[in-house]
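Single-structure report; data block below.
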Amino acid sequence: MEEKKMETLHGLVLTDISATITVTSNGCTKKDDFKIELTKSLPPIATFIRVKPDNCDAVAHSIDLVFSLKEVGAAEFKVANPFVPGPAK
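Note that my numbering has the sequence shown beginning at 118, numbered continuously upward.
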């Protein structure tokens, strides 16, 4: 069963080809654990949703996940996710 949770982000880097988000991992977080919901507006609003929890027992740390702008669905967008400082990488 898919558990949907808006992910708290620790950072976002946008280039002309990709969006890199920084999230917390307990050791098992993968890009495939996320999906992106895009709300139509001007500009569109992207929400990064964790669909699979990371239940591993490693020390919490920050990791970067890279999504192409094609995966995001827009080259220019707002982000709905909250941002907070995260654990060290």
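Just so you know, even glycine gets a beta-carbon here, dropped at the ideal spot from N, CA and C. Values in this document were obtained by computation on a predicted structure and should not be read as measured data.
Cβ pair residue i, residue j closer than 9 Å
| i | j | result |
| --- | --- | --- |
| Ile180 | Thr141 | yes |
| Pro160 | Ala205 | no |
| Asn143 | Ala197 | no |
Spatially closest choice to residue i from the options, by CA coordinates
| i | options | result |
| --- | --- | --- |
| Ala163 | Lys206, Glu120 and Pro199 | Pro199 |
| Leu182 | Ser135, Met123, Asn172 and Glu120 | Ser135 |
| Pro202 | Arg167, Asp171 and Thr139 | Thr139 |
Where residue i falls: helix, strand or coil (DSSP)
| i | result |
| --- | --- |
| Leu159 | coil |
| Asp181 | strand |
| Lys148 | helix |
Alpha helix (DSSP H) segment containing residue i, residue limits
| i | result |
| --- | --- |
| Val189 | Leu186 to Val189 |
First and last residue of the uninterrupted beta strand (DSSP E) at residue i
| i | result |
| --- | --- |
| Val140 | Ser135 to Ser142 |
Cut-off 7 Å between Cβ atoms - residues of its own chain near residue i, not counting five sequence neighbours on either side
| i | result |
| --- | --- |
| Ala175 | Asn143 and Gly144 |
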